[in-house]
Structure formats: structure tokens, C-alpha cells
Amino acid sequence: MADGALYAPDSLQDLADGVLLINPRHALPDLFRAKAASYQARWPWPKVIAPDAAPA
5 MADGALYAPD SLQDLADGVL LINPRHALPD LFRAKAASYQ ARWPWPKVIA PDAAPA
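Residue numbers for the sequence shown follow the numbering used here, so the first one is 5 and each next one is one higher.
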């Protein structure tokens, strides 16, 4: 947002816990898998929740 406000309707807990999961509002499983692999190559600690296992 232009005023610097943070909009996180589903909370930031997954971010704090180091969990990567697909955005159900913009679900592109192949893109998610590629990005998750790229992130894990740089940062080994995130836990990836597979798109087919993520809560809807």
C-alpha cells in the first residue's frame, strides 16, 4: 500500500514460521514449485508445503 500499511488478511504466522505454501487466491502450482526450489537453493530453512497438500 502506498501509505506503508501492511495488509495480511490471513496473518503473517507462516512467514514467521518459515513456511512456504501456495497462495490459494492465485494458485499456479508449477510456478510455485519453481519459486520454492529457487528459495530453498538460497535459504535451506523454509519448509515447503506442496500445492496438493496446502489447505484450501
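Each residue gets a CB set at the ideal place from its N, CA and C atoms; glycine is no exception.
Status (buried if at least 16 other CB within 10 Å, exposed otherwise) for residue 52: buried
Host alpha helix (DSSP H) of residue 43 (start-end): 33 to 46
Contacting residues, own chain, Cβ-Cβ under 8 Å from residue 50 (five flanking each side not counted): 22, 23, 24, 40, 43 and 44
Neighbourhood of residue 33 by C-beta distance below 6 Å, restricted to the same chain and skipping five residues each side: 55
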